[in-house]
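This report concerns only the one structure given below.
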Amino acid sequence: MLSGMTTPVRCTECDGRGWKIVTRRGHVAATGLGLAASAQEDCLHCPGAAETPQERFEWEVRIPSGQGDALGACGSSAFQATAMDELRKAMRSVPGEVFVRGSIVHRVFDFGAGSDALSSRQIFRAYLDPAGSVLFERIAK
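Everything in the sequence shown is counted per our numbering, starting at 3 for the first residue and increasing by one.
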């Protein structure tokens with residue numbers, strides 16, 4: 003499937019110790035425009051230019067059980083507002099009169115690094131009140 007999109011190439015900057023992954027973004031469209039030679043090359047061994055850090059907002063619902071808290075619905079979004087909406091929907095959908103709580107964790111990571119490489123911190127706690135409204139509490143830095 004991806005054979006036309008990525009091509010492994012020996013890196014000349016690190017004397018062939020690493021492989022460059024050549025990514026041709028929009029290759030079919032670029033070919034039609036006569037720009038197929040444009041590609042981004044990333045060596046997996048060389049320290050390259052810093053990538054733009056990416057961020058995610060991970061949300062989860064916790065449901066009390068006999069042995070502590072059980073993990074309920076959970077998910078991830080690139081946008082804080084979307085994560086808050088999804089958490090709100092998930093907390094309201096828990097059946098019965100169960101006290102549920104939720105949280106949103108903001109994660110910043112870099113290309114090729116683990117998800118906790120740069121930072122990770124909880125930014126919201128959420129509670130479901132008796133009327134069915136979700137209350138968000140911002141966590142101070």
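C-beta: ideal position from N, C-alpha, C; glycine also.
Fair warning: this is a prediction, and the values are worked out from it, not measured in the lab.
Worksheet item: Is methionine 86 closer than 8 Å to isoleucine 106 when the C-beta atoms are compared?
Response: Between isoleucine 106 and methionine 86, the CB-CB gap stays under 8 Å.
Worksheet entry | With 16 other Cβ atoms within 10 Å as the buried cut-off, status of alanine 147 | Because residue 147 is not part of the residues shown, which for the chain are 3 to 143, the question remains open.
Worksheet item: For alanine 80 versus arginine 109, is the C-beta spacing smaller than 8 Å?
Response: Between alanine 80 and arginine 109, the gap from beta carbon to beta carbon reaches 8 Å or more.
Worksheet entry | Presumed contact (8 Å Cβ cut-off) between arginine 140 and isoleucine 125, rounded CB distance | Confirmed, about 7 Å.
Item to complete: Grab the span of the beta strand (DSSP E) containing aspartate 71 for me, first residue to last.
Response: Note, aspartate 71: beta strand (DSSP E), 70 to 79.
Item to complete: Measure the Cβ-Cβ separation of serine 1 and glutamate 60 and say whether it is below 8 Å.
Response: For residue 1 there is no data in the structure shown, the boundaries of the chain being 3 and 143.
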